[in-house]
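Residue numbers (the numbering used here): 20 to 505.
This report concerns only the one structure given below.
Right, here's the structure in full:
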């Protein structure tokens, strides 16, 4: 579940936004892997492998060992060595609900959503991994998309992934990936992923998921199962258009998946009486003739990765995985800040040394010429005086530099005093004013105050202050700390 947080949170998972993760699609029929290039617009590497029928049943992993072996082969075939993945999972045992909530603070909204979830979920809340995001904010209310998936579903995938030495950074359902493909259209539509033995049918408008279901094709060939699928589409449209007569009608059905042949598109169009066309694809360089079979993987690859508590995205990552990832991210951020500070210090030192050497060389040359030349003209004497002045300035630069405390020295004191549960994501150093400003996130108020106590207990820093707004919350705090330096 989401934890209380401010409306606009700082990026605690700062490194995630700047990394490209393989998107891994897992279904009962097959697994797919896709990695984008640095532009984020072209497929760099991809592969797929079909699964035996007994590996996953009803969306639940039944043979984790075989799934992990297939995952290992898949990554080897795609020649992908990255071990952190974004995972797309089936719709089985997935619960979706649109909530209209009053205008509340985010912490109040979190509590209200949890109460609503208890009402709507057909199972106890402690049996699901749940997340939500703000879809839109109206004048008098907020629209929320709530997604919950049974824990045994995600836990089964997590175990198989870990056995294959893979670490999930996000979980997403097929419907969410499908909606992302057409959300910019902004119109009510049906989007359909058509596979060999099943189809995922989603009614959507913009970012809203109004209905989603899995339609079994009874193990028959996709073409033979189409009549039943078309009947289901007709029933869904009739139900929602009767219930919402004053709202926009569905004009278009978008189709993707390996079963999205031209024949299937034509038959669905004829049976539904609606326009049917292929899903728009967000990336290029997909296998020719099979582009639509990688549509969901393509969408998932472009997912914005955020913590589950972010109010603008949905991430069904279990809390234990999030906690482990937070520790790793904190270590990465600290190393990143130290590397930056070291680079800045080296640049300053090299510049100062270069100035001294250059001016010293000029002065030495002129001094030599002064000893060997005849009496100098007036303008030459003035040039020598100016050179000597510059030389004195050059020595002053070095003397001032040697008397300063460079950033890496201060960071060497700061970093060991950052306790577990605190992540520093921004650092501003002003040596002239003897001030240091830190921006970051703290898991609890207690650990944040411990951080301040650690800072004030060093000889390098004299006083650390926190605005009242940084300590109002008890948990998941975005903080700003201003530090006076000795």
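By construction, the Cβ of each residue, glycine as well, lies at the ideal position given by its N, Cα and C atoms.
Query: Measure how close the beta-carbons of residue 255 and residue 220 come, nearest whole angstrom, since I'm counting them as under 8 angstroms.; Result: 7 angstroms
Query: How would you call residue 97, buried or exposed, if buried means at least 16 neighbouring beta carbons within 10 angstroms?; Result: buried
Query: Compute the Euclidean distance between the alpha carbons of residue 419 and residue 442, then round it to the nearest angstrom.; Result: Caution is warranted here: a pLDDT of 34 is assigned to residue 419, below 50, making its placement in the model unreliable, and no coordinate value can be reported.
Query: Can you give the beta carbon distance from residue 148 to residue 167, rounded, assuming they're within the 8 angstroms contact cut?; Result: 7 angstroms
Query: Would you identify the three-state DSSP class for residue 81, choosing helix, strand or coil?; Result: coil
Query: Where does residue 124 land, buried or exposed, given buried means 16+ other C-beta within 10 angstroms?; Result: exposed
Query: Our contact map puts residue 336 next to residue 189 with C-beta atoms below 8 angstroms; I'd like the distance itself, whole angstroms only.; Result: 6 angstroms
Query: Output yes or no for whether 7 angstroms exceeds the beta carbon distance between residue 209 and residue 287.; Result: no
Query: Start and end of the beta strand (DSSP E) containing residue 175?; Result: Looking at the DSSP string, residue 175 is not in any beta strand (DSSP E); the run it does join, the alpha helix (DSSP H), is 170-182.
Query: If you draw a straight line from the C-alpha of residue 118 to the C-alpha of residue 479, how long is it?; Result: 51 angstroms
Query: For the pair the segment 43-63 and the segment 75-83, tell me if three or more CB-CB distances fall below 8 angstroms.; Result: yes
Query: If contact is defined by three or more beta carbon pairs under 8 angstroms, each pair taking one atom from either stretch, is the segment 106-113 in contact with the segment 280-295?; Result: no
Query: Starting from residue 134, follow its DSSP beta bridges and name the residues at the other end.; Result: Note: residue 134 sits in no beta bridge, so no partner.
Query: Between residue 71 and the rest of its own chain, which residues show a CB-CB distance below 7 angstroms, the 5 nearest in sequence each way excluded?; Result: 85
Query: Determine the direct distance from the alpha carbon of residue 451 to that of residue 193, and round the result to whole angstroms.; Result: 54 angstroms
Query: Please name the residue, chosen from 486, 327, 310, 455, that lies closest to residue 66 on a Cα-to-Cα basis.; Result: 310
Query: Exposed or buried, what is residue 142 when buried is set at 16 or more other beta-carbons lying within 10 Å of its beta-carbon?; Result: exposed
Query: Sorted by chain position, which residues of the same chain lie with C-beta nearer than 8 angstroms to residue 177's C-beta, five sequence neighbours on each side aside?; Result: 187, 337, 340
Query: Give the range of the beta strand (DSSP E) segment to which residue 12 is assigned.; Result: This structure leaves residue 12 out entirely; the chain is present only between 20 and 505.
Query: CB-CB under 6 angstroms to residue 303, same chain, minus the five flanking residues each way: which ones, in chain order?; Result: 61
Query: What would DSSP say about residue 121, mapped onto helix, strand or coil?; Result: strand
Query: Give me the Cα-Cα distance between residue 270 and residue 490, rounded to the nearest whole angstrom.; Result: 51 angstroms
Query: Mind listing, in chain order, the continuous alpha helix (DSSP H) runs of no fewer than 4 residues lying wholly within the segment 275-312?; Result: 281-291
Query: Cα separation between residue 179 and residue 87?; Result: 5 angstroms
Query: Can you name the start and end residues of the alpha helix (DSSP H) that residue 465 belongs to?; Result: 464-475
Query: Using 10 angstroms around the beta-carbon of residue 331, count the other beta-carbons present and answer buried if the total reaches 16, otherwise exposed.; Result: exposed
Query: Can you look up residue 92 in the DSSP assignment and give me helix, strand or coil?; Result: helix
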